[in-house]
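In the working numbering, the protein residues as written are 1018 to 1382.
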Amino acid sequence: MKSEYMHWAKTHVGARYNIGASGVANYPLAELPVSLGELEITGESYYGYAPLQQAISDHTGVPVEMVFAALGTSQANHLAMASLLRPGDEILLEDPSYELIFSTARYLGVSVRRFPRRPENEFAVDPDEVCRLITPRTRLVVLTNLHNPTSALVGEETLTAVGSACEKQGSYVLVDEVYLESTFDPAIRTAATLGKNFIVTNSLTKVYGLSGLRCGWVLARPEVVQAMFRLRDLFESIPPHVSERLSVVAFRHLGKIRERSKRLMDENRGVLRSTLLSRDDIACFDPGFGTVVFPRWTGGKVDDLADTLLEKQETSITPGRFFGLPDRFRIGLGGETAMFREGMKRLCGALDHFGGRSPADPRAR
Ligand SMILES: Cc1ncc(COP(=O)(O)O)c(C=O)c1O
């Protein structure tokens, strides 16, 4: 079992102008006010390191007994699904979706049915459609909020409707919220409090540029949290404690880290709108927040475009084929702005070239 997407991502992340990545540029350790004395190699982290459990609880507003600190949203998603699902179960997964959720479910021996998030509907979740697809075999409905790859937001009303339909069948809703905080809107709450059958996953990876910390979490009812702790015993005795300590420090300084992320994304969104999104060969849902957009290109084959960009322009975009929509590509808004601006220039130049236009063509503006 393997993930084509993850392999592709790991072998393309090094491009000089990586404008396809979904997360904010790495936050440097040197900018985190931390002293060696605050760190330790091994500590009391058997079933959760108390200060980190508390920091996640404070950050999310969810009681500490509903918190499971995981290694990134990747492990959070895997453990959440593994603790709820048995081989032969069925899940309902959004389409398009983050490929790792699909491959993890298949790895667990689960059958995957899809519900569409349609471009003509701005990739919204249609709660009636999801509810119609729920059957007695459906153990879990899975979606991302914000949506990867489009940043579409799923509102509380929709989530609650899906949650109630699941509750009637005794099933759960898993909401991957790894991009949610990139709305920078404190009024948008985690779905964890919407009902007992909601399970939420998240991390400091994407919005805060802290991927290497692997500070992730699951929010779920306490029995599910306990089941995950026991399941984790099978493949990890204790988490890396240095990382737990650093994560506590990161939570303390999250305001400053958030400001940097917002600044980068605001600047890059301006560049995106004045370049790529103003072209007439590009159609794009632009929600005005989120770390990614997922434009459609009508001028040629996206895979050829992506290959040429990488080979000749040191520039990487994420081809839409990984999301089942090969006429689209994903652009990430979290990079350093000088890099993002140059990457955009190279991308637009390549679009001109493929579409047979000269860069001076006014339609290319
Ligand atoms: C929807 C979604 N969930 C989870 C992850 C992985 O997150 P983490 O780096 O915190 O493991 C990604 C990474 O791209 C993602 O897009």
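All C-beta atoms in this analysis are idealised placements derived from N, C-alpha and C, irrespective of residue type, glycine included. Treat the numbers as computed from the prediction; the structure is a model and nothing was measured.
- Burial state of proline 1256 (16 or more Cβ within 10 Å): buried
- Pick helix, strand or coil for arginine 1149, following the three-state DSSP scheme. helix
- Measuring CA to CA, which of Ala1367, Ser1333, Phe1357, Cys1365 is closest to lysine 1027? By alpha-carbon distance to lysine 1027, the top candidate from Ala1367, Ser1333, Phe1357, Cys1365 is Ser1333.
- Whole-angstrom C-beta distance between valine 1310 and leucine 1342, which should lie under 8 Å: Between valine 1310 and leucine 1342 the Cβ distance is about 13 Å, and since that is not below 8 Å, they are no contact.
- Item | Limits of the alpha helix (DSSP H) - the one that leucine 1096 falls within | 1089-1101
- Answer yes or no: do serine 1260 and glycine 1226 have a C-beta to C-beta separation smaller than 8 Å? no
- Message: Quick check on the DSSP output: the beta strand (DSSP E) that includes serine 1128 runs from which residue to which?
- Response: Segment 1128-1133, the beta strand (DSSP E) holding serine 1128.
- Query: Are there 16 or more other CB atoms within 10 angstroms of the CB of proline 1376, so buried, or fewer, so exposed?
  - Reply: Note on proline 1376: pLDDT 44, under 50, position unreliable in the model; no value is reported.
- Could you check if threonine 1090 is buried or exposed, using at least 16 other CB atoms within 10 Å of its CB as the buried criterion? buried
- May I ask which residues mark the beginning and end of the beta strand (DSSP E) holding cysteine 1232? 1232-1236
- Query: For the beta strand (DSSP E) that contains phenylalanine 1339, what are its first and last residues?
  - Reply: Note, phenylalanine 1339: premise wrong, no beta strand (DSSP E); not H, not E.
- Determine the burial state of glycine 1105: buried for a count of at least 16 other Cβ atoms within 10 Å of its Cβ, exposed for fewer. Of the other Cβ atoms in all chains shown, fewer than 16 fall within 10 Å of the Cβ of glycine 1105; this residue is therefore exposed.
- Item | Rounded separation between valine 1171 and alanine 1141 - CA only | 7 Å
- Would you say histidine 1385 and serine 1062 are within 8 Å of each other, going by their C-beta atoms? Nothing about residue 1385 can be read from this structure; the chain reaches only from 1018 to 1382.
- Message: So, for isoleucine 1348: in the same chain, excluding its five sequence neighbours on each side, which residues have a beta-carbon less than 6 Å away from its beta-carbon?
- Response: Ile1036, Val1310
- Query: Taking leucine 1117 as the reference, which of Ser1264, Glu1048, Asn1094 has the closest Cα?
  - Reply: Asn1094
- Message: On the DSSP bridge list, what partners appear for tryptophan 1314?
- Response: The partner list for tryptophan 1314 (beta bridge, DSSP) reads Ile1299.
- Which residues in the same chain as isoleucine 1216 place their Cβ atom closer than 6 Å to its Cβ, once the five residues preceding and following it in sequence are excluded? Ala1097, Tyr1189, Leu1191, Ala1237
- Message: Assuming cysteine 1232 and serine 1264 are in contact, meaning their beta carbons sit under 8 Å apart, how far apart are those beta carbons, in whole angstroms?
- Response: 4 Å
- Query: Whose C-alpha, out of Asp1193, Gly1307, Tyr1022, Leu1160, is nearest the C-alpha of arginine 1350?
  - Reply: It should be noted that the sequence gives leucine, not arginine, for residue 1350. Here the closest residue by C-alpha is Gly1307.
- Task: Quick one: which unbroken beta strand (DSSP E) runs of 3-plus residues sit fully inside the segment 1043-1091? Chain order, please.
- Result: Those beta strand (DSSP E) runs which fall completely within the segment 1043-1091 and span 3+ residues are 1084-1088.
- Query: Given 8 Å as the limit, is there contact between the segment 1171-1186 and the segment 1048-1055, that is, 3 or more CB pairs closer than that?
  - Reply: no
- What are the start and end residues of the alpha helix (DSSP H) that includes isoleucine 1118? 1116-1124
- Item | Collapsed DSSP secondary structure at glycine 1351 in the structure displayed | coil
- Query: Just reading off the beta strand (DSSP E) that serine 1220 is part of, what are its end residues?
  - Reply: 1215-1220 is the span of the beta strand (DSSP E), which, as asked, contains serine 1220.
- For the putative contact between leucine 1230 and alanine 1204, defined by C-beta atoms under 8 Å, what is the C-beta separation to the nearest angstrom? Not quite, the Cβ-Cβ distance comes to about 27 Å (not below 8 Å), so this is no contact.
- Message: Starting from arginine 1247, trace the alpha helix (DSSP H) in both directions and tell me its first and last residue.
- Response: 1239-1249
- Query: Beta-carbon separation of leucine 1364 and aspartate 1298 under 8 Å?
  - Reply: no
- Among Glu1139, Val1159, Glu1359, which residue has its Cα nearest to the Cα of threonine 1292? Closest by alpha carbon: Glu1359.
- Quick one: complete beta strand (DSSP E) runs, 3+ long, within the segment 1147-1184? 1155-1161
- Query: So does aspartate 1250 have its beta carbon nearer than 7 Å to some heavy atom of ligand 1?
  - Reply: no
- Query: Nearest to phenylalanine 1132 by CA position, among Arg1296, Leu1271, Glu1111, is which residue?
  - Reply: Glu1111
- leucine 1163 versus glycine 1065 - alpha carbon distance: 27 Å
- Task: Locate the alpha helix (DSSP H) running through aspartate 1106, then write down its first and last residues.
- Result: First-last for aspartate 1106: undefined, no H or E at that position.
- Task: Assign alanine 1209 to buried or exposed, taking buried as 16 or more other Cβ atoms, counted over all protein chains shown, within 10 Å of its Cβ.
- Result: buried
- Task: Alpha carbon to alpha carbon, how far is valine 1224 from phenylalanine 1201? Give it in angstroms, no decimals.
- Result: 10 Å
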